[in-house]
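No gaps in the numbering here: position 93 of the sequence shown is 93 in full-length UniProt numbering, and each next residue is one more. For reference, the structure is listed below as structure tokens.
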Amino acid sequence: MMPCPCATCVNHIEHKVEEVRFYLFKYKIDLSYTKWDKHEEKDEQATTAQIPVNATTEFVDDMDFDKDFGSKILTEGPATVEMVNATKESFDEDDLAKFQELLLDAKKPLYKGCPDFTKLFAIVKLL
1 MMPCPCATCV NHIEHKVEEV RFYLFKYKID LSYTKWDKHE EKDEQATTAQ
51 IPVNATTEFV DDMDFDKDFG SKILTEGPAT VEMVNATKES FDEDDLAKFQ
101 ELLLDAKKPL YKGCPDFTKL FAIVKLL
């Protein structure tokens, strides 16, 4: 386990090395991150990077994606695409209308003056 230096974890969360590599690919690393004191790097000279408040932060994206994740995408991707396409084929206009009604029921109060419970909440509780 090691502290993860990705832009999301910022060394506060520890992961396995493989997970850290994935997090660095997914969330990137801040280029201003130069002092690796949590990763066994020797401190030769203490420096602090000044980052302007409105500055755009750049991230490093140099991980070999194909080597680490490409084969997984190649084998799992087609099955996922087939699954999504099968869903599209079985979804008709009546289903869409029912779904839109459920979305409205999720926001509609159970009765006038009752902001705490919705029509959908009551229906689900009755099931």
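Beta carbons are placed, not taken as given, at the ideal position from N, Cα and C, and that holds for glycine. Just so it is clear, the structure is predicted and the values come from calculations on it, not from any experiment.
Taken through DSSP and simplified to helix, strand or coil, I13 comes out as coil.
By the neighbour-count criterion, in which a residue is buried when 16 or more other Cβ atoms sit within 10 angstroms of its Cβ, I123 is exposed. The C-alpha of F121 is placed about 42 Å away from the C-alpha of I29.
Linking R21 to L96 through their CA atoms gives a straight-line distance of about 41 Å. Shown here for A106: same chain residues with a beta carbon closer than 7 Å to its own, the five before and five after excluded, namely T118 and L120 in chain order. Beyond the five residues adjoining it in sequence on each side, C114 comes within less than 8 Å, by CB distance, of no other residue in the same chain.
D94: member of the alpha helix (DSSP H) spanning E93 to K107, first to last residue.
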